[in-house]
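Under the working numbering, read the first sequence as residues 1 to 595, first letter to last.
Glycine included, C-beta positions come from ideal geometry on N, C-alpha and C.
Note that the structure is a prediction, hence the values are computed from the model and not measured.
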Amino acid sequence: MTIEKMLTQQVLEAVKACYGVELTEKDVQLQETRREFAGDLTVVVFPFTRYSKKSPEETAKELGEYLKQNIEEVETYNVIKGFLNVVISSAYWIEVLNDVAKEEKYGYAKESSGKTYMIEYSSPNTNKPLHLGHIRNNFLGWSVSEIQKANGHNVIMVNLVNDRGIHICKSMIAWEKFANGATPESTGIKGDHFVGDYYVRFDKEYKAQVKELMEQGKTEEEAKKEAPILLEAQEMLRKWEAGDEKVVSLWRTMNDWVLKGFDETYKIMGISFDKVYFESQTYKKGRDLVLKGLADGVLYRKDTGSVWADLTGDGLDHKLLLRDDGTSVYMTQDIGTAYDRFNEFNMDQEIYVVGNEQNYHFQVLSLVCKKLGFDWADKIKHLSYGMVELPEGKMKSREGTVVDADDLIEEMIHTARTTSEELGKLDGYTKDEAEDVYRKVALGALKYFILKVDPKKTMMFNPKESIDFNGNTGPFIQYTYTRIKSVLRKAEEAGIKIVPGDIHTILTEKEQNLVKLIAKLPAVVKEAGDNYSPALIGNYAYELAKEFNQFYHDYSILKEENEQVRNLRLLLAQQCSVAIQNAMGMLGIEMPERM
RNA sequence: GGUUCGGUAGCUCAGCUGGAUAGAGCAACGGCCUUCUAAGCCGUAGGUCUUGGGUUCGAAUCCCAACCGGAUCACCA
């Protein structure tokens, strides 16, 4: 039983014994004692004063005395302004540390929850390369998956590639017109960037044509609809849907270029999927389900032929589900794929990692599925995250203000390399080993930068002030880890073994703080899981690293002469490294052994 | 306008299921490397927690209102 549980129970006993009232666990407010006061855990006694009919101070004293008498681990207590600070014995914390050391994968659930979560993330369009916005999506999706796994859930990570539609056709048309048969191979340009360039080329041509049409006297609205290159793209989409061989073949070729490019980016980002869906294979789904809903009378049809859901009862509007011509829209597809997925995997939850610009879409998706009578409708969860903004505001591809994912990562690696070479700490490493460290540090910096921010908040990224490697950053935490590993290596070289179990010493404040922090990891993992928030894990890892660095600065480990104390500190350092590594692992951040 | 998410130090962010004197990092300034990695540690300075009400022993945190900002409200995806 944890000390928190014991205290809670005994406080209840004390209240009963002293004041004759039976309360429940939730009436006991237990919190960590603030740094500036002596003690480990604090009982807030204000709520009990109405039963004790005494001052908070007196009440706290009575409870404190009771706890001291009845709990072995309670060494002493003090009362400050109605807060009862309880001091727990060193022996208890050493036991906690020993227990942690016994665990195989500390911080991860020991047994399966038996639940299956599907997490859809990434879901790129195949007409342009990934940018900073996608980076947040990918890191979040991966991390949330890892966190749910750590909570014991079975997780299926899926990607729904948006590989069809007018946007692809725009790139295709532009390629046909302007490429003269160039390919990623012939130009040496990465496939996704190559295709993206033609998407931009399309837009340029389109704008020129619109301008020309307007000069010929058309209104802007007309011009935008009638620009020849747009009409060509639309015609191409029609041909694609009709299965035109030439168009489909080009579509396949260009998609392959892009996907190959994405694979490289995914690889360097360190993310992957259990299953990849392609919209070209799913976009017709959902139509039958909607028609059935129509037959069942939960949807309605307009005179023009389109099918709608009436959501006014839920405070929303009417939502189109099938067009006049009977074809599916985005919403219809999502209903269809969700239906298929729940049929196939019977998940307990399906989590969509999608930006908050689509809040409305997912709100409607849930409601419509409920209307259609699917019992899984409320298992749909939209993990809505905020945009990444630049100092000038939102990123706009048309204005060339997007921060490209590949460029950014490459820049980060460059910075990591330069910094590391200046510090010269990797002497003796081969070039490959060193490059591996640069990659880990660069990605660590980027991932931490993105993930430490609460997902639902809009975040700011300033490309001019490159991402820091000092302070509250990924590399700071990685650096702490490498320091520990260095100590552990030296201990091993000196033949010093870590012996868990038999340790008798009094912990210093810093040591005790560290044990408490280490012991907190499982609770943090649970909270991060409940809230789908990698940020909580990030904050935890930083707090732990910071605490360790202070400890490391103030005390020596290997040079400590008291063997018991040295042993304890080594064990402590080792478990710190485990907690840091596991926590950071849940963010998708790898730890180098040296840096 | 409807819906929705935000507003905390110069900047970027924690804290928000109500608790003690609101915390970090960056930037600024001042210290600490003959001692386990200075990508570190310590210190100084920096605040009307947007504003106004309410709830209570106690509010950055909960409720109401206002102000400011983002997102969204297509027979696009």
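query: Would you mind stating whether N78 and A38 have Cβ atoms separated by less than 8 Å?; result: yes
query: Assuming G336 contacts K285 under a Cβ cut-off of 8 Å, what Cβ separation, rounded to an integer in Å, is found between them?; result: 3 Å
query: Can you name, in chain order, every residue of its own chain whose Cβ lies under 8 Å from the Cβ of T596, other than the five neighbours on each side?; result: Past the edges of the chain, shown from 1 to 595, lies residue 596, and the structure says nothing about it.
query: Quick one, which of R594, E563 and E4 has its alpha-carbon nearest D427's?; result: R594
query: For R439, which of R323, Y300 and M591 has the nearest alpha-carbon?; result: M591
query: Looking at the unbroken alpha helix (DSSP H) that takes in E411, where does it start and where does it end?; result: A405 to L423
query: Once DSSP output is grouped into helix, strand and coil, what is the label at Y121?; result: coil
query: Extract the residue ranges of the beta strand (DSSP E) inside the stretch 420-487, only unbroken runs of 3 or more that lie entirely within it.; result: none
query: Using 8 Å as the threshold, is the C-beta distance between E25 and T8 below it?; result: yes
query: Would DSSP call Q10 helix, strand or coil?; result: helix
query: Suppose the cutoff is 8 Å on Cβ atoms and the five residues either side in sequence are ignored; what does the same chain contact list for L250 look like?; result: M172, W175 and E176
query: Could you spell out where the beta strand (DSSP E) holding G644 opens and where it closes?; result: Absent from the structure is residue 644, since the part of the chain shown begins at 1 and ends at 595.
query: I'd like to confirm the pairing. Which residues does DSSP put opposite Q550 in its beta bridges?; result: In the DSSP output, where bridge partners are listed per residue, Q550 has none listed.
query: Measure the C-alpha to C-alpha separation of T430 and D436 and round it to an integer number of angstroms.; result: 10 Å
query: Could you check the C-alpha separation between S123 and F48 for me, to the nearest Å?; result: 53 Å
query: To the nearest angstrom, report how far apart Y199 and S306 are at their CA atoms.; result: 32 Å
query: Taking the beta carbon of S577 as the centre, do at least 16 other beta carbons fall within 10 Å, making it buried, or is it exposed?; result: buried
query: Give the DSSP-derived three-state secondary structure of N159 in the structure shown.; result: strand
query: Can you tell me whether W376 is helix, strand or coil according to DSSP?; result: coil
query: First and last residue of the alpha helix (DSSP H) that includes D310?; result: Counting along the chain, D310 falls outside any alpha helix (DSSP H), though it belongs to the beta strand (DSSP E) covering V307 to D310.
query: How big is the Cα-Cα spacing for P455 and S384?; result: 7 Å
query: Which of the three DSSP states is assigned to I589 in this structure?; result: coil
query: Could you tell me whether the Cβ atoms of Y481 and I580 are closer together than 8 Å?; result: yes
query: Within the stretch 191-223, note down every full alpha helix (DSSP H) run reaching 4 residues or more, in order along the chain.; result: 191-215
query: Using beta-carbon positions only, say whether N154 and S112 come within less than 8 Å of one another.; result: yes
query: Is the CB-CB distance between L67 and V74 below 8 Å?; result: yes
query: Please list the terminal residues of the continuous beta strand (DSSP E) segment that includes F278.; result: K275 to F278
query: CB F139 to CB K457, shorter than 8 Å?; result: no
query: Within the present structure, is the beta-carbon of K149 separated from the nearest heavy atom of the ligand PLP by less than 7 Å?; result: For the structure depicted, the ligand PLP is absent and the ligand set is empty, with no information on it obtainable.
query: Rounded C-beta distance between V247 and K319? I'm assuming under 8 Å.; result: Not really, about 31 Å apart at Cβ, beyond 8 Å.
query: Between I135 and the rest of its own chain, which residues show a CB-CB distance below 6 Å, the 5 nearest in sequence each way excluded?; result: A405
query: Check whether the stretch 271-286 and the stretch 159-168 are in contact - that is, three or more C-beta pairs closer than 8 Å.; result: yes
query: Kindly list the residues whose CB is nearer than 8 Å to the CB of F342, restricted to its own chain and excluding five residues on each side of it in sequence; keep chain order.; result: E350, F374, W376 and K379
query: Is the number of C-beta pairs between the stretch 141-161 and the stretch 103-120 that are closer than 8 Å three or more?; result: yes
query: Less than 8 Å separating the beta-carbons of E543 and L536?; result: no
query: Does DSSP classify G495 as helix, strand or coil?; result: coil
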